[in-house]
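Using my numbering, you'd call the opening residue of the sequence shown number 28 and step up by one each time. Just so you know, even glycine gets a beta-carbon here, dropped at the ideal spot from N, CA and C. Remember, it's a predicted structure, so these values are computed and weren't measured experimentally.
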Amino acid sequence: MDAVLISPELNRAFNEQIGRELHASHQYIAIASYFEGRALKKLAQLFFKQSEEEREHAMKFVQYLNEVGGQVEIPTVESASSNFRNAEEAVRLALEWELEVTRCINNLMTMAMEQKDYAAREFLDWFVKEQVEEVSTMNDLYQIVRQVGEQYLIMVEAYLSHGGGEEAEE
Numbered sequence: 028m029d030a031v032l033i034s035p036e037l038n039r040a041f042n043e044q045i046g047r048e049l050h051a052s053h054q055y056i057a058i059a060s061y062f063e064g065r066a067l068k069k070l071a072q073l074f075f076k077q078s079e080e081e082r083e084h085a086m087k088f089v090q091y092l093n094e095v096g097g098q099v100e101i102p103t104v105e106s107a108s109s110n111f112r113n114a115e116e117a118v119r120l121a122l123e124w125e126l127e128v129t130r131c132i133n134n135l136m137t138m139a140m141e142q143k144d145y146a147a148r149e150f151l152d153w154f155v156k157e158q159v160e161e162v163s164t165m166n167d168l169y170q171i172v173r174q175v176g177e178q179y180l181i182m183v184e185a186y187l188s189h190g191g192g193e194e195a196e197e
């Protein structure tokens with residue numbers, strides 16, 4: 028008999044979250060490439076780093092499911108949007124995505140609490156805190172991009188060069 032420390036329902040929800048995290052990773056590659064194509068190297072670097080972080084998040088869920096005897100099933104990953112009218116649209120998409128992921132993490136936490144799955148709750152605590160940071164970083168970046176406007180994006184590059192948006196680059 029194999030020991031399984033996660034309910035089928037929560038296991039399924041964690042697999043769905045793996046897909047969301049991988050989608051975010053792909054989306055951030057697309058956003059980074061958009062900025063790279065505009066020679067906005069610091070913005071590109073920030074989003075390439077965010078892409079790596081999202082993949083790491085997916086792997087945390089994979090590792091957790093393996094540790095608790097769950098079944099890892101990687102879902103089909105939705106394709107990333109790669110055509111942006113401007114920088115504001117690209118960063119707004121990232122902010123909206125982080126808000127959506129926060130909602131999903133909160134739903135996973137609610138599910139874990141309802142099932143009295145204390146190990147899952149402890150595991151998800153890290154993600155709850157991480158999402159506060161992710162939303163804050165993207166919200167700040169979005170506000171700055173909106174304030175400087177499309178023709179002054181080089182100012183965003185300077186901001187990032189001098190330590191702005193540091194949370195996203197740790």
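Within the continuous alpha helix (DSSP H) that includes residue i, where are the two ends?
i	result
Y64	Before going on, a small fix: residue 64 reads as Gly here, not Tyr. From DSSP, the alpha helix (DSSP H) with G64 extends over P35 to G64.
N113	That residue, N113, is in no alpha helix (DSSP H); it is neither H nor E in DSSP.
S163	Y145 to V175
E80	K68 to E94
I181	L180 to S188
Can you say whether residue i is buried or exposed, counting buried as having 16 or more other CB atoms within 10 angstroms of its CB?
i	result
S78	buried
M140	exposed
S188	exposed
N93	exposed
L37	buried
L135	buried
Y145	exposed
G190	exposed
E81	buried
E160	exposed
For residue i and residue j, I'd like the C-alpha separation in whole angstroms.
i	j	result
A85	V128	12 Å
V183	I171	7 Å
E100	R148	21 Å
A176	A117	Here residue 176 turns out to be Gly, not Ala, going by the sequence shown. When rounded, the distance between both Cα atoms is 13 Å.
K143	L180	48 Å
Y169	I33	38 Å
K156	D29	32 Å
E48	T137	19 Å
Y61	R39	33 Å
I132	F154	7 Å
Decide if the segment 118-133 is in contact with the segment 155-174; the criterion is three or more beta carbon pairs, one per stretch, under 8 Å apart.
yes
Is it a yes or a no for the segment 68-76 touching the segment 104-113, going by three-plus beta-carbon pairs under 8 Å?
no
Using 8 Å as the Cβ pair cut-off and three pairs as the minimum, do the segment 150-157 and the segment 56-67 touch?
no
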